[in-house]
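Q:
Number of protein chains: 2
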Amino acid sequence: MLIGKKRKLGRKINEIQPGEKLEFTETIEDKDLLLYLGLSNDNNPLFIQHDYASLTPYKKPIVPQVMVIGMITSAVSKYLPGPGSSVLKTDLSFPNPVYHYEKLSFYLEVQEVKKDKHTIGISVSVLNPDGKTVAEGRLEVCPPYPPKPITTRTMENF
Amino acid sequence: MLIGKKRKLGRKINEIQPGEKLEFTETIEDKDLLLYLGLSNDNNPLFIQHDYASLTPYKKPIVPQVMVIGMITSAVSKYLPGPGSSVLKTDLSFPNPVYHYEKLSFYLEVQEVKKDKHTIGISVSVLNPDGKTVAEGRLEVCPPYPPKPITTRTMENF
Chain A
1 MLIGKKRKLG RKINEIQPGE KLEFTETIED KDLLLYLGLS NDNNPLFIQH DYASLTPYKK
61 PIVPQVMVIG MITSAVSKYL PGPGSSVLKT DLSFPNPVYH YEKLSFYLEV QEVKKDKHTI
121 GISVSVLNPD GKTVAEGRLE VCPPYPPKPI TTRTMENF
Chain B
1 MLIGKKRKLG RKINEIQPGE KLEFTETIED KDLLLYLGLS NDNNPLFIQH DYASLTPYKK
61 PIVPQVMVIG MITSAVSKYL PGPGSSVLKT DLSFPNPVYH YEKLSFYLEV QEVKKDKHTI
121 GISVSVLNPD GKTVAEGRLE VCPPYPPKPI TTRTMENF
């Protein structure tokens, strides 16, 4: 829980190896899409209006790309490397649209570990139910820092 | 309103010129941050736990980078070029963290208009109150399609 004191941190940079993978599926429900649009105060008809979308090359309302980015970055935050992680770079392209209620398959893989810079590179690929790529690219992530004990900081003053 | 039939579309590709700019400021309130964390089911202590964050190089809880991406992409969706737009690519880096309640300044500028591909390139720069860059990079965006009249589609069958 958010307010609990106990928490599990993700893996530290020394515990991460290139080749580590994370795969998961996620379905974008209308509830989540509406919460996002409310949060961002965004009423883009392409995301919600069937009549407008049907008259464009998209044919049907699409999911805002940032929601797909949100699923990717929260997977980093939750699992790879996990809690305490911070995203430093997102190079992502969205070659095909995501439609409402589609079940997406996410594939993340650690490509490189730069201990000197305290960053890791993660490749990202997201497929729709037809096997078409809806997002692909690369993230640069700062893995969790081990908390520095308060006593260490105190001792630094001596 | 979302459910209203009347709507304003953003500017079409023929109406967009390189050099067009959008500037705005936005403050990330804790309410928005908590809504986002609830939506993504993300309890990364770096975003919310003062005691953990104080023991890392960040010193204080930071704002998830995807919330900054959300502010950028909803500005595209709302204003530049506006409703009907779709984001095709995000190349963004986050060289400095954003702290809770910071007022951020956003600068977007159309860099190129590719009529043949129906895309525009937009440069992005986001500064914190100290003038430090917290996000920078480039978006590729598909401007709104004018709705194709139903009669046109019907006639195509002949």
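Going down the list, the sequences are from chains A and B. Under full-length UniProt numbering, think of the first position of the first sequence as 1, with each following residue one higher. Under full-length UniProt numbering, think of the first position of the second sequence as 1, with each following residue one higher. Backbone N, C-alpha and C fix where the C-beta goes; we use that ideal spot for every residue, glycine too.
1) Does any C-beta atom of chain A lie closer than 8 Å to the C-beta of residue 133 of chain B?
2) Closest Cβ-Cβ distance between residue 147 of chain A and chain B: below 8 Å?
3) Buried or exposed for residue 89 of chain B, going by 16 or more other Cβ atoms inside 10 Å?
4) Can you list the residues of chain E that residue 62 of chain B reaches, using a CB-CB cut of under 8 Å?
5) Quick one, which of A/59, A/41, A/109 has its alpha-carbon nearest residue 96 of chain A's?
6) Note down, in chain order, all residues in the region 63-77 of chain A with a beta-carbon under 8 Å from any beta-carbon belonging to chain B.
7) In angstroms, rounded to a whole number, what distance separates the CA positions of residue 71 of chain A and residue 33 of chain A?
8) If contact means a Cβ-Cβ distance below 8 Å, which residues of the region 94-114 of chain B contact chain A?
9) Have a look at residue 100 of chain B and residue 148 of chain B and give me their C-alpha separation to the nearest angstrom.
10) Can you tell me the Cβ-Cβ gap for residue 108 of chain A and residue 135 of chain A, rounded? I've got them flagged as a contact below 8 Å.
11) If you measure from the beta carbon of residue 156 of chain B to each beta carbon in chain A, is any gap under 8 Å?
12) Where do the N-terminal and C-terminal ends of the alpha helix (DSSP H) with residue 74 of chain A fall, by residue?
13) Within the chosen definition, does the region 46-66 of chain A reach the region 68-86 of chain B through at least 3 CB pairs nearer than 8 Å?
14) Got a sec, what are the start and stop residues for the alpha helix (DSSP H) residue 48 of chain B sits in?
15) Report, in whole angstroms, the separation of the C-beta atoms of residue 123 of chain B and residue 138 of chain B, which I expect to be a contact under 8 Å.
16) For residue 36 of chain B, which three-state DSSP category applies?
17) For residue 15 of chain A, name the three-state secondary structure that DSSP assigns.
18) For residue 128 of chain B, go through chain A and note every residue whose CB falls closer than 8 Å to its CB, in chain order.
19) If you measure between the beta carbons of residue 143 of chain A and residue 8 of chain A, is that distance less than 8 Å?
20) For residue 61 of chain B versus residue 46 of chain B, is the C-beta distance shorter than 8 Å?
21) Quick check: the Cα distance between residue 14 of chain A and residue 80 of chain A, rounded to an integer number of angstroms?
22) Residue 120 of chain B and residue 67 of chain B look like a contact to me (Cβ under 8 Å); what is the Cβ gap, rounded to whole Å?
23) Given a cut-off of 8 Å on the beta-carbon distance, is the pair residue 19 of chain A and residue 110 of chain A in contact?
24) Any idea which residues DSSP pairs residue 125 of chain B with across the strands?
25) Got a sec? Which residues, its chain only, sit under 6 Å from residue 77 of chain A by beta carbon, not counting five neighbours each side?
26) How is the beta strand (DSSP E) around residue 23 of chain A delimited, first residue to last?
27) Here's the rule I'm using: 16 or more other beta-carbon atoms within 10 Å means buried, otherwise exposed. How should residue 43 of chain A be labelled?
28) Pick out whichever of A/98, A/116, A/146, A/140 has its Cα sitting closest to the Cα of residue 129 of chain A.
29) Count the other CB atoms, across all protein chains shown, that sit within 10 Å of the CB of residue 64 of chain A; report buried if there are 16 or more and exposed otherwise.
A: Concretely, from the data shown:
1) no
2) yes
3) buried
4) Structure shown: chain E not included; protein chains present are A and B.
5) Comparing Cα-Cα distances from residue 96 of chain A to each of A/59, A/41, A/109, the minimum goes to A/59.
6) 64, 65, 66, 69, 70, 71, 73, 74, 77
7) 12 Å
8) 94, 95, 97
9) The straight-line gap from Cα to Cα measures roughly 44 Å.
10) At roughly 11 Å, the Cβ-Cβ gap does not stay under 8 Å, so residue 108 of chain A and residue 135 of chain A are not in contact.
11) Residue confidence is low: residue 156 of chain B scores 49 on pLDDT, short of 50, so the model does not pin down where it sits. Its coordinate-derived value is still stated next. For residue 156 of chain B, not one C-beta of chain A is nearer than 8 Å to its own C-beta.
12) 65-78
13) yes
14) Per DSSP, the continuous alpha helix (DSSP H) segment holding residue 48 of chain B begins and ends at 45-48.
15) 6 Å
16) helix
17) helix
18) Correct list: empty, because the minimum Cβ distance to chain A is about 15 Å.
19) Against a cut-off of 8 Å, the Cβ pair of residue 8 of chain A and residue 143 of chain A comes out as no contact.
20) yes
21) 14 Å
22) Contact flag wrong, Cβ pair sits at about 24 Å.
23) yes
24) For residue 125 of chain B, which the question treats as bridged, DSSP gives the partners B/107, B/136.
25) 85
26) Start and end: 21-27.
27) buried
28) A/98
29) buried
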